[in-house]
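Chemist: Structure in structure tokens, see below.
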Ligand code: GLN
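In our numbering, the protein residues as written are 14 to 433.
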């Protein structure tokens, strides 16, 4: 408002001041607000043990969010590239799981939080297995499981799959790779220890080289939000529509992220933020709200646990503001049962999953409590039935007809509806 303007009403007639809130929508506004307030949070240290990482701009800060419909939102330096470092770990673990299955992968790497730093030298007693795939030892063990005839072929597969998660071709920051390769003896030592204990599937030097390359893959916060959203979307990239991994793999990876993704701050993180997440020493951080969105932050300064200070603060706020904690009750959708008006009719609507199917079964059982007779199950307004709900309905119908009820089912469910 101009200082000379004596009439506040005249100003409000012109509508909201676009300079005060330039965001075109509520999600961008929330990200922009976090960016504005948290970019002045100047705490933590930029990682320097990989010399090339020490050159990072400590003021750099980007945020991005991608919904399950592939809608994209950004604030700050969301298009600034940085190396994935440990944020590569859940995706490479996903590739190992997709190739070999959980049972085989679990022979080589566990799924227990270590309660220790990311580079801790600790292996399970007896088996020599690293505790989980989110710390260095476990990530190296997971990388060792990836197939490929030559080192170049193995890396090309890793890069191609990470690119599929991101929905665009990613590349490698050769300077960061070379810097870590020149200084990564602790990781080589970890690999040799595992090899000696019988818990590493291939040559220690070859696998650490592959691991250093995977850590040096370069992406932006905008890319990482798509990668995270792919995990939250059951393994289907919501932007490209490509299935990158099967749903059970996505669920397994998110589970390990939830318990182990933030190193020895993982318990506190699940308690306060309540989202599966993974951080990396270059300042990247992803978090997933399953079936809702993937989010990513980039900001190089790290706290004492090795997690990015601004990214962690941003996610804490985002989770609180939008009520995203995993353990919260989801919003209740439309009611499953329609008032049918007749005692012998059960009419359902919407998509049927376990929760909705339980309501249908409960209603059918109530209707069937009386003497055996005809019953109508009207599914004409059901849009989709998932396999669990289908099996529940089938067994309930079988039980009812065994008890002498004649049940007629009308209406075939349509295909699942996709919004937007
Ligand atoms: N490349 C890094 C390392 O192995 C990754 C660690 C991290 O991001 N926490 O040391």
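C-beta atoms are modelled at their ideal positions from N, C-alpha and C, and glycine is treated no differently.
Of the choices 228, 113 and 216, whose alpha-carbon is the least far from that of residue 163?
Modeler: Taking only the C-alpha atoms, the option nearest residue 163 is 216.
Chemist: Give the residues whose C-beta lies closer than 6 angstroms to at least one heavy atom of ligand 1, in chain order.
Modeler: Qualifying residues, in the order they occur: 98, 99, 131, 132, 149, 193, 200, 228, 293, 294 and 319.
Chemist: My understanding is that residue 298 touches residue 267, with C-beta atoms under 8 angstroms, so please give their C-beta distance in whole angstroms.
Modeler: So it is not a contact: roughly 15 angstroms between Cβ atoms.
Chemist: At 3 residues or longer, and completely inside the stretch 182 to 253: list those beta strand (DSSP E) runs for me, N to C.
Modeler: As far as the stretch 182 to 253 is concerned, its whole beta strand (DSSP E) runs of at least 3 residues are 230 to 232.
Chemist: By the three-class DSSP mapping on this structure, what secondary structure does residue 48 have?
Modeler: Helix at residue 48.
Chemist: Given that a residue counts as buried once 16 or more other Cβ atoms are within 10 Å of its Cβ, and exposed if not, what is residue 14?
Modeler: Low confidence applies to residue 14: its pLDDT is 33, below 50, so where it sits in the model is not reliable, and the reading given next is rough at best. It is exposed - the Cβ of residue 14 has fewer than 16 other Cβ atoms within 10 Å.
Chemist: How about the stretch 144 to 152 and the stretch 126 to 134: do they share at least three Cβ pairs that are nearer than 8 angstroms?
Modeler: Output reads yes: the stretch 126 to 134 touches the stretch 144 to 152.
Chemist: Which residue marks the beginning of the beta strand (DSSP E) containing residue 423, and which one marks its end?
Modeler: Element bounds for residue 423: 419 to 423.
Chemist: For residue 191, which residues of its own chain have a beta-carbon under 8 angstroms away from its beta-carbon, when the five flanking residues on both sides are left out?
Modeler: 65.
Chemist: Return the Cβ separation of residue 424 and residue 395 in integer angstroms, given the expectation that the two are a contact with Cβ distance under 8 angstroms.
Modeler: Their Cβ separation, rounded to whole angstroms, is 7 angstroms, which keeps residue 424 and residue 395 in contact under 8 angstroms.
Chemist: Using three-state DSSP, classify residue 170 as helix, strand or coil.
Modeler: If DSSP states are grouped into helix, strand and coil, residue 170 belongs with the helices.
Chemist: So is residue 63 in contact with chain E if we call contact Cβ pairs under 9 angstroms?
Modeler: In the structure shown, chain E cannot be found, because there is only a single protein chain.
Chemist: From residue 392 to residue 282, what distance separates their C-alpha atoms?
Modeler: Those two C-alpha atoms are separated by around 42 angstroms.
Chemist: Count the other CB atoms within 10 Å of the CB of residue 97; is the residue buried (16 or more) or exposed (fewer)?
Modeler: Per the 10 Å Cβ criterion, buried.
Chemist: In chain order, what are the residue ranges of uninterrupted alpha helix (DSSP H) at least 4 long that sit wholly in the stretch 278 to 324?
Modeler: The stretch 278 to 324 contains these whole alpha helix (DSSP H) runs: 279 to 285.
Chemist: In three-state DSSP terms, what is residue 77?
Modeler: Three-state result, residue 77: strand.
Chemist: Please report how far the alpha carbon of residue 369 lies from the alpha carbon of residue 239, in whole angstroms.
Modeler: Taking the straight line from one Cα to the other gives about 30 angstroms.
Chemist: Consult DSSP for residue 31 and reduce its assignment to one of helix, strand or coil.
Modeler: Only weak support exists for where residue 31 lies, its pLDDT of 43 falling under 50; the coordinates are left without a value.
Chemist: Which full runs of the alpha helix (DSSP H) of 4+ residues lie inside the stretch 324 to 388, going along the chain?
Modeler: If we require 4 residues or more, the alpha helix (DSSP H) runs fully inside the stretch 324 to 388 come out as 367 to 380.
Chemist: By how many angstroms is the C-alpha of residue 90 removed from the C-alpha of residue 242?
Modeler: When rounded, the distance between both Cα atoms is 19 angstroms.
Chemist: Would you decide whether residue 193 is buried or exposed? Buried here means 16 or more other CB atoms lie within 10 Å of its CB.
Modeler: Its Cβ being crowded by 16 or more others within 10 Å, residue 193 is buried.
Chemist: Based on the DSSP output, what are the partners of residue 391 in its beta bridges?
Modeler: Answer by DSSP bridge pairing, in chain order: 360 and 423.
Chemist: Which residue from 145, 346 and 100 puts its Cα closest to that of residue 120?
Modeler: Measuring from the Cα of residue 120, the nearest candidate turns out to be 145.
Chemist: By the three-class DSSP mapping on this structure, what secondary structure does residue 142 have?
Modeler: Residue state, collapsed to three classes: coil.
Chemist: Does the beta-carbon of residue 210, which I'm using as the reference point, lie nearer than 8 angstroms to any heavy atom of ligand 3?
Modeler: Judged by which ligands are present, ligand 3 is missing from the structure shown, whose ligands are ligand 1.
Chemist: How big is the Cα-Cα spacing for residue 311 and residue 101?
Modeler: If I take the Cα positions, the gap works out to 14 angstroms.
Chemist: Give me, in chain order, the residues of the same chain whose beta-carbon lies closer than 7 angstroms to that of residue 248; leave out the 5 immediate sequence neighbours on both sides.
Modeler: Excluding positions up to five away in sequence, the list reads 256, 257, 258, 259, 260, 262 and 263.
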